[in-house]
Amino acid sequence: MKKIAIFISGRGSNLEAILEKKKRGQIDCDVAFVFSNKADAKGLEIARSYCIPTFIYDRKAFSSQNEFDDKILSLLEEHSVDIVVLAGFMMILSRSFIEKFNGRIINIHPSLLPSFPGLNSQRRALDYGVKFAGCTVHFVTPEVDSGPIILQDIIPVFDDDSEETLMLRILDREHIILPEALKIILEERYQIFGRRVVLSK
Ligand code: GRF
């Protein structure tokens with residue numbers, strides 16, 4: 003069975019969506035551990051409630067990004083992790099880290115990429131006046147929020163939406179497509195042609 007690690011920095015609702023699907027037997031994998039760069043991330047409590055081991059490293063305790071990344075890499079190697087899921091992990095991993103795990107890291111982003119990469123995507127979508135917003139699961143490449151797209155989902159933007167209401171409606175869809183994309187990757191039901199991820203049944 004494939005092993006995954008889930009990286010978080012905060013609330014952990016996407017983490018919970020994955021753990022719940024796994025509990026119901028809808029995703030078949032071992033969750034080796036949950037990693038957080040924040041000791042107060044709420045998601046750590048969720049991980050513990052599902053009896054998943056947790057690791058927390060604070061970037062400030064390391065003298066360089068490389069040293070920090072190497073520490074995480076050795077954790078992944080020690081646990082023979084096959085796939086890393088970034089589920090609200092608010093840190094940029096180094097190029098060398100990503101290259102070592104090339105094609106085996108996925109990320110959930112709260113916009114229809116390539117629109118609104120980076121931070122505060124929901125607010126920027128609202129301010130821009132788009133009529134549809136959504137979320138994207140993609141492979142992680144060294145350029146932020148730019149890797150090949152695995153799944154996307156869309157929602158309409160309503161005239162009376164606030165950043166909060168839009169964020170929550172997008173989040174509902176994130177909880178569907180992240181576990182679904184993970185399942186596709188675990189079952190190797192895809193091929194990559196350039197930037198295009200073609201899914202098989
Ligand atoms: C989500 O909106 C995700 O798309 C973004 O960070 C947020 C994390 O939420 N990358 P949660 O911690 O999974 O609740």
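Numbering of the sequence shown is given in this note's numbering, commencing with residue 3 and proceeding in unit increments.
Idealized CB from N, CA, C, for every residue including glycine.
Keep in mind that this is a model prediction, so the values were computed, not measured.
query: Secondary structure of Q193, DSSP reduced to three states; result: strand
query: Check: I94 C-beta below 8 Å from any heavy atom of the ligand GRF; result: no
query: Beta-carbon spacing of L114, G131 below 9 Å; result: no
query: 7 Å CB neighbourhood of I186 in its chain, flanking five on each side removed; result: I152, Y192, L201
query: Proximity below 9 Å, CB of C49 to CB of L17; result: Strictly speaking, residue 49 in this sequence is Ala, with Cys absent from that position. Yes, Cβ-Cβ distance for A49 and L17 is below 9 Å.
query: Buried or exposed (CB count within 10 angstroms, at least 16 for buried), E79; result: exposed
query: Any non-hydrogen atom of the ligand GRF within 8 Å of F99 CB; result: no
query: Residues that DSSP places opposite H111 in a beta bridge; result: T138
query: Inter-stretch contact at 8 Å, needing at least 3 Cβ pairs: the stretch 93 to 100 / the stretch 118 to 128; result: no
query: P158 - partner residues in DSSP beta bridges; result: F134
query: Range covered by the alpha helix (DSSP H) that runs through F99; result: 97 to 102
query: Nearest-angstrom Cβ-Cβ length linking F57 and F35, presumed shorter than 8 Å; result: 6 Å
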